[in-house]
Amino acid sequence: MDVKLLRSLDDPKRDKPIWFAESETVARAMVTSISRLIKTRGQADIKTEQIHRVLGSLFEYRLDWSKESLSYFPEAVRSFYTDPQSHNQKIKVRPTINPAALRQQVINNKALTSYLLQGSPEHESIMVSYFSVAENQASLLCVLWIIAVMQGSMDVFHMPSVRKLLLLVAPARVDTHAVDLIDFILSVDYGQNRPDLPLKLLDAMIWKYQLVNFTNIISALGKGSGSPDRTSKASRFIQYLLLESPEFANRVTKWTSLGFSRRYWTEEDFHHKLMQYLNEYPEYHEYEAFAMAQKQGQIPALDPPLQPQMPVYFTNIVSDFVPFLEVLISRLVEYAQVDLLIAIMDRYGHLFYYHNAPLSFVSNLLLYYFPNDTLADPRVCKRVVRLLDFEQYDLAPEVIAYCQQDDLDAKAFDAGYFERVISKLADNLDTQKCAPRHNPNLPERQFREIGSPAVLGISIAMLEIMVTPIPPSTVVKYILDMVLLRGSRQTGVSALTIHATGLLISSLPSDHFVRPVLDELNNLVVSNPYLLEISEPTRLIRCGMPKQTNGKYFMSQSFPDLTSTAALRDTMSSRLSKAVVFPYIFNDYTFNLHNYSTNAPNCFLTLFHSLLHYSSLDAFRVLLEYLRTLRNSPDKLKTDVQLLYVCFLLGPALHRIEKLDNNNTDAEFLMELMHMVKHVTTLMDLKEGWSTQALEQVFDFLYHIRARFCKSPDLANQLREIIKSMNPPINQRLIRLVM
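Here this note's numbering runs 599 ahead of the position in the sequence shown, where the first position is 1.
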């Protein structure tokens, strides 16, 4: 899933103004998917207004979210639900069912209770007519619940009458009514005398009579909204249904005992095994469970009659539960329910072997919630990774050993481990090697979760980084030691390895992995000896009008003495040294590598371009903060080579900076750059007629991007004031940028 989804949801020519008017569950799932998409892959060039339009068209009522869920939404999504001025405030609030009012209605409506409890035929037409209206159907399950609570049992109903009313509900709205039921159940006060009554009633409702779907109930319990009190009550129901009640646990045990292959393409008797399961634990979809139990498996005569059964089945409640387990794990991570989360993953984690995309889920979970105290707990993190079938993924042996042993520490994750992660990723990206299969037991490529070797490689590399308890700053240090030839490393890495490094770092959370890179860049810019040198001086060619003296014309073109400019005063040996080193800083990295002339500034420049090329636009906001820090730091830019280095850093990124959601952001980059030009040229105090090689390239770069300076009159005026404040002759050379 990528940004094309958001563009398609914003289609103005769609048939329906509301995408998922019938299903709150699907609408919430789409909000979660959009949030995960933006947070893990970036917002790209999609405007926040467009995202808000999409969010406002998902469901007919306002979706509320808990503060825990909102805290992990990206800003573009969170602002839609929290900003008082957003379109969300104009969406109508969904009507709630008041328990006290509904209880009184049930007590006073004798026709309703007579029909539901005794099935009185004289009241059937009234009840059918009433519940045929869509607005009244939301209360049907709640009415059944109130009566069951009052009677203390689910066995008191006349089930043919209940079935006839439930069949009036459109199948598309069944899951939304399950949400209504759970909200109602959690709002009812049951007193202190019967604490387990609602648990038993819901269990019977799900399994004995199959009036509601188990997965819909689990989804409603973990929908991600409500108060802390609702959350604690919902957790109690989840604990009972999954860990205390034997109903679902027995079904999972039976399913597992049938020995379904983890590699579905090798399964030859899937349907036979599925029928074995359904014969022992039948599932009904037209509320006929009560009648089938009475007839002992024979098809009973029902009114209305059952629809013809499909001859082949492909699903059941156990396999349907797996994607809802995703939602449940996410909610328990948000609410920091560590013990419950561990217990559920220990009991049902093996079901993820039958998930259609387990690697994508685990990787996205670690990325979306990073940093998170719950996932930082090794007990939880190891169990999350154990959701994967290690026989189907080329994971590092250190990761497998760490996750399989609860008492194993993180000593294996040293600098060598992270170098191997990068090297393996580079092999997967190399088109010549075509992702070699080191383990012959892995599935063939066409049967893997992700067919592309590059995409699969980056997903595994992200997981191998995120699963370690090593701080991001330390991880970045280990990686940069390899790229920048620091420590014991003396040989340069391939350009593809640097490319893989930039791709990997840009795929990780930018606030935690890109910031350390920029901190290292800041140290390099202000302390590297090659960047602290002044480049070679150069004379400017000046054209003037000849002057007439005694009837003859002479060209008077005098240059100030080079030694009068302190910044350019140097010995011949130093000038020769600069002439040798200066070009290699800005050379092509591969050329330097093949000619044994690699240097740290050039390596970092190559890495930085790869990082910005693949990173989301969120990383550019971090870059802007870095430029401000660099300009305002005590060790400011002092030389023309440092200034040119900053221009080389920014140049390839300018076309992406223009796509930032904030229209002023690209202007802020240009303002910071021009302030740096002013600072450096003021320190150098150049005399008229003299310049340097690096400065001339800086000026060429500024004129090359001149069109960006005049995007708005306000920006042009601000830049003009900065240029006017520069020393002559620099201000005279640059003033035409904004004219």
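Using N, Cα and C, we set each Cβ at its ideal position, and we do this for glycine too.
Identify whether residue i lies in helix, strand or coil by the three-state DSSP scheme.
i, result
"P1233", "coil"
"P827", "helix"
"S1290", "strand"
"P698", "helix"
"P673", "coil"
"P1159", "The predicted model places P1159 with a pLDDT of 49, which falls under 50 and marks its position as unreliable; any figure quoted below should be read in that light. It is coil, neither helix nor strand."
"P1182", "helix"
"H954", "coil"
"P1039", "coil"
"P903", "coil"
"H1193", "helix"
"L715", "helix"
"L1271", "Per the sequence presented here, residue 1271 reads as Glu, with Leu not at that position. In this structure, E1271 counts as helix in the three-state DSSP scheme."
"E1257", "coil"
"Y808", "coil"
"P996", "helix"
"H757", "coil"
"C1309", "coil"
"M1171", "No answer about M1171 holds up, because its pLDDT of 46 lies below 50 and its placement is not dependable."
"T1100", "helix"
"H949", "helix"
"D868", "coil"
"F847", "helix"
"T852", "helix"
"D609", "coil"
"F859", "coil"
"L986", "coil"
"Y968", "coil"
Give me the DSSP bridge partner(s) of residue i.
i, result
"R1138", "W1289"
How close, in whole Å, do the beta carbons of residue i and residue j come, if the pair is a contact with beta carbons under 8 Å?
i, j, result
"F885", "I916", "It is worth fixing the name first, because residue 885 is Glu in this sequence and not Phe. With a Cβ gap of about 16 Å, E885 and I916 do not count as contacting."
"S713", "S719", "4 Å"
"S962", "M1061", "5 Å"
"Q586", "L939", "No answer is possible for residue 586: it lies beyond the span of the chain, which begins at 600 and ends at 1338."
"F658", "I817", "The Cβ separation is near 20 Å, so there is no contact."
"D802", "L840", "7 Å"
"S1290", "L1139", "6 Å"
"I941", "V998", "Incorrect: roughly 19 Å between the Cβ atoms, too far for contact."
"L1117", "V1240", "About 19 Å; that fails the 8 Å criterion."
"L1206", "A1099", "10 Å between Cβ atoms; not a contact."
How would you call residue i, buried or exposed, if buried means at least 16 neighbouring beta carbons within 10 angstroms?
i, result
"P1136", "buried"
"Q906", "exposed"
"Q1031", "exposed"
"Y947", "buried"
"G858", "exposed"
"R627", "buried"
"E1332", "Inspection of the sequence shows that residue 1332 is occupied by Arg rather than by Glu. It counts as buried."
"Y992", "buried"
"K638", "buried"
"Q893", "exposed"
"Q1339", "Residue 1339 is absent from the model: the chain starts at 600 and stops at 1338."
"W664", "buried"
"S656", "buried"
"V630", "buried"
"D1284", "exposed"
"A1293", "buried"
"M1338", "exposed"
"E721", "exposed"
"K1010", "exposed"
"P1233", "exposed"
"G790", "exposed"
Say the cut is 7 Å; is the CB of residue i nearer than that to a heavy atom of the ligand MG?
i, result
"Y1188", "As for the ligand MG, it is missing from this structure, which has no ligand bound."
Open item on the list: I want to know whether the segment 952-962 touches the segment 985-1004 - three or more CB-CB distances under 8 Å.
Closed with: yes
Task: Given 8 Å, three or more beta-carbon pairs between the segment 697-709 and the segment 750-765 - done: no
Task: Meets three-Cβ-pair contact criterion under 8 Å: the segment 721-738 and the segment 852-866 - done: no
TODO: Say whether the segment 1120-1132 touches the segment 1044-1059, bearing in mind that this needs 3 or more beta-carbon pairs closer than 8 Å, one atom from each stretch.
DONE: no
TODO: Say whether the segment 634-650 touches the segment 1202-1216, bearing in mind that this needs 3 or more beta-carbon pairs closer than 8 Å, one atom from each stretch.
DONE: yes
Task: Meets three-Cβ-pair contact criterion under 8 Å: the segment 1071-1087 and the segment 1012-1019 - done: yes
Open item on the list: So, does the segment 668-682 touch the segment 747-757, judging by three or more C-beta pairs under 8 Å?
Closed with: no
Task: the segment 1323-1332 / the segment 1262-1282 touching (three or more Cβ pairs under 8 Å) - done: yes
Task: Cβ contact check for the segment 861-879 and the segment 738-752: 3 or more pairs under 8 Å - done: no
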